[in-house]
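Protein chains in written order, with my numbering: chain A, -17 to 412; chain R, 47 to 316.
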């Protein structure tokens, strides 16, 4: 008998206390803005972080709280805070650590929104970033400066699909005493629990595989509770008195959940990127079947990789599970079940062939999302990464002929039939 | 805050308010391998109600300088050294698990400044099995896992908790993991070797309350009943049936309400 509940069981149950009044088996949706205080002493206790509970929906909500505790449990984190989107999660996680004059080391091979935040938005506030090859450990180490507050990357880069060697990067971060923040959207905790390999903070776009049904935008920051913020004076947001909450010292009072508490106390109150309770409910429904869906995503991905690598109209196929992929060894180490369900490939005939392929498939949906139960396709160079410059495109591993597939959980033979239609349309350009 | 005691740096969380020696004091002592963060849902409450709060890290634990103390008797005497150094008076002492052994030892030997004693989830002795002792010494990850598995009840294992978004089970394991292998092993060994608990309990002369957990796997009912019997007849006893051993985390509001009622009446603040 195991000491702890398993991943699948936690996916269904963790965080939820069954409603004691009506016995609702499903998690109720607490669609309310605020919460009645039983008395003035309780009210002041809640405001002063003396007791757990809810005050106002911008800060916390019971339905969202269940989602937070569920994801924290699946990741092995000590605490989590949900946000309106994955990007707000990234923003709030970073700005809980960095202030004007601080620096971030970031993977160059990341979602375009992350790149834009670091390259365009944060510099306006005096926060700079150095972009690095996430597979080059020496480059990462040499990029860390005295004012670097965090190293940030994706385990599986989007859309280049390079895989970060978490333990090697973590070793460098430990040596320099800088936290490692991982965007785990593409792997989900089912494929890799990044805290087990040295990450200190995990962010997710819950919109993707975690929710899994393309219904709800949401993000989350998970605190690993495994970084010593008080080792030196490098992290004043965690260790110095915070005036808005009676000079609270987050690290001293909250220890392993200090980072998450800082985000809830500051970012959720002052910036307010709150998730809606309805979205939290829908995302919880998705997480209940996370392992089942991921297994099907992976098996379909495996079939499609065989199909695409053997197709005479395909010039190249990119997925970390392919033996000749530069990250194959790393991917097998950290994601033995499979390295996710994003495939990129090039259609012979270049951009026009790609356009014909995308415009003629019927089952696969042409849209800007990934991680839906349905198969999705897109041309990154003209859409998700269209706002970044040519140099950054190359750094992110994006070519003009690249098509990105988010493999769904349909019957794989139907996906192949659909792709055959696309390839027939593309043939005249090859 | 940090205070030098016996030439060593000692850390105490003060609940968000500076320690003031002219106020009554609530002193919290956590269990084996744990630290000041265990009391987060209690310390601020008292600190913002005109008490000076001391959530102590034992020597070698988290922020306090080592080495760890090897016996419960030494730990009890160390508390007296700390409060003497701080000129603390009118002290309400609160202990959990191993912290109960330590605080009973302290209060029984140095009752002069103590106004009340609250004991949570403990017997007067804490025998530790060989498996756990060996694991703490040689495979601390396994020891921490067992401590968490046995320590928490259903709510802990389901990662529920009163603080939105927090997993008390993971948080507890992170704190305890940071205090391995030496501190946890030394603590467990000290518990196992401690034989003075019955006498200490018999000698408690200050008002005392005992808060027990109905689903406690670490301090089973046989041991907690024995402690209840060994304490003075005047002790107040409350059993919270739904809770596991980590009672201050699992049912914080009930626990705090009990502490509040007891401490406010026995050691009122301005």
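Glycine residues also receive a C-beta, built at the ideal position from the N, C-alpha and C atoms.
Here the structure is a predicted model, which means the values were calculated and not measured.
**OP:** With 7 Å as the limit, tell me which residues of the stretch 29 to 50 of chain A have their beta carbon closer than that to any beta carbon of chain R; keep them in chain order.
**Re:** 30, 31, 32, 33, 34, 35, 36, 42, 47 and 50
**OP:** State yes or no: is the C-beta of residue 96 of chain R nearer than 6 Å to some heavy atom of the ligand ATP?
**Re:** The ligand ATP is not among the ligands present in this structure, which contains no ligands whatsoever.
Original post:
Can you round the beta-carbon distance between residue 98 of chain A and residue 139 of chain A to whole angstroms, since I take them to be within the 8 Å contact cut?
Top reply: Rounded, the Cβ-Cβ distance is 16 Å, inconsistent with contact.
Subject >> Alpha carbon of residue 363 of chain A to alpha carbon of residue 334 of chain A, nearest angstrom >> reply: 13 Å
Original post:
Do the stretch 56 to 76 of chain R and the stretch 86 to 105 of chain R make contact, defined as three or more Cβ pairs closer than 8 Å?
Top reply: yes
Subject >> Contact set for residue 295 of chain A: own chain, Cβ-Cβ below 7 Å, skip 5 residues either direction >> reply: 329, 330, 405, 408, 409 and 412
**OP:** Find the residues of chain A that neighbour residue 86 of chain R, judging by a C-beta separation of less than 7 Å, and give them in chain order.
**Re:** 235 and 236
**OP:** Measure the beta-carbon distance from residue 418 of chain A to residue 78 of chain A and round it to whole angstroms, keeping in mind my assumption that it falls under 8 Å.
**Re:** The shown model of chain A, from -17 to 412, leaves out residue 418 of chain A, and the question about it has no answer.
**OP:** On the DSSP bridge assignment, give the partners of residue 101 of chain R in chain order.
**Re:** R:59 and R:74
Subject >> Cβ-based burial, residue 131 of chain A [other Cβ within 10 Å; buried from 16] >> reply: buried
Original post:
If you measure from the beta carbon of residue 90 of chain R to each beta carbon in chain A, is any gap under 7 Å?
Top reply: yes
Original post:
Quick one, are the C-beta atoms of residue 305 of chain A and residue 313 of chain A less than 7 Å apart?
Top reply: no
Subject >> Among A:338, A:72, A:126 and A:170, nearest to residue 153 of chain A - alpha-carbon criterion >> reply: A:126
**OP:** Measuring only between beta-carbons, confirm whether residue 209 of chain R sits less than 7 Å from chain A.
**Re:** yes
Subject >> Per-residue burial, residue 288 of chain A [other beta carbons within 10 Å of its own, 16 or more giving buried] >> reply: exposed
**OP:** Starting from the beta carbon of residue 217 of chain R, find every residue of chain A whose beta carbon is closer than 8 Å, and list them in chain order.
**Re:** 60, 61, 207, 237, 238 and 239
Original post:
How many Å lie between residue 59 of chain R and residue 284 of chain A at the Cα?
Top reply: 53 Å
Original post:
In whole angstroms, what separates the C-alpha of residue 51 of chain R from that of residue 65 of chain A?
Top reply: 45 Å
Original post:
What whole-angstrom Cβ distance do residue 119 of chain A and residue 145 of chain A have, given they're in contact under 8 Å?
Top reply: Contact doesn't hold; Cβ gap of about 13 Å is too wide.
Original post:
Can you name the residues of chain R whose CB is closer than 9 Å to the CB of residue 55 of chain A?
Top reply: 204, 205, 213, 215 and 216
Subject >> residue 36 of chain A versus A:367, A:251 and A:184, residue with shortest Cα-Cα distance >> reply: A:251
Subject >> Residues near residue 54 of chain R in its chain [Cβ-Cβ closer than 7 Å; skip 5 each side] >> reply: 105 and 111
**OP:** Return the CA-CA distance between residue 143 of chain A and residue 308 of chain A, expressed in angstroms with no decimal places.
**Re:** 10 Å
Original post:
Does the stretch 292 to 310 of chain R touch the stretch 75 to 88 of chain R, meaning 3 or more C-beta pairs lie closer than 8 Å?
Top reply: yes
**OP:** Could you spell out where the alpha helix (DSSP H) holding residue 109 of chain A opens and where it closes?
**Re:** Looking at the DSSP string, residue 109 of chain A is not in any alpha helix (DSSP H), and its letter there is neither H nor E.
Original post:
Identify the residues that DSSP records as bridge partners of residue 327 of chain A: which are they?
Top reply: A:299 and A:385
Original post:
Does the distance from the C-beta atom of residue 265 of chain A to that of residue 187 of chain A stay below 7 Å?
Top reply: no
Original post:
For residue 283 of chain R, which beta-bridge partners are listed by DSSP?
Top reply: R:256
**OP:** List in chain order: all unbroken alpha helix (DSSP H) runs of 4+ residues lying wholly within the stretch 189 to 277 of chain A.
**Re:** 218 to 221, 232 to 236, 240 to 244 and 259 to 270
**OP:** Quick one: give me the first and last residue of the alpha helix (DSSP H) that residue 131 of chain A is part of.
**Re:** Here residue 131 of chain A belongs to no alpha helix (DSSP H); instead the beta strand (DSSP E) covers 130 to 136.
Original post:
Going by the CB atoms, is the gap between residue 150 of chain R and residue 265 of chain R shorter than 7 Å?
Top reply: no
**OP:** List the residues of chain A whose Cβ lies closer than 8 Å to the Cβ of residue 59 of chain R, in chain order.
**Re:** 234 and 235
Original post:
What does a CB cutoff of less than 7 Å around residue 208 of chain A pick up in its chain, not counting 5 residues either side in sequence?
Top reply: 177 and 182
Original post:
How about residue 357 of chain A: is its C-beta nearer than 7 Å to some C-beta of chain R?
Top reply: no
Subject >> Counted within 10 angstroms of its Cβ, other Cβ atoms place residue 231 of chain R as buried (16 or more) or exposed >> reply: buried
Original post:
Which residues of chain A have a Cβ atom closer than 7 Å to the Cβ of residue 94 of chain R, listed in chain order?
Top reply: 30 and 32
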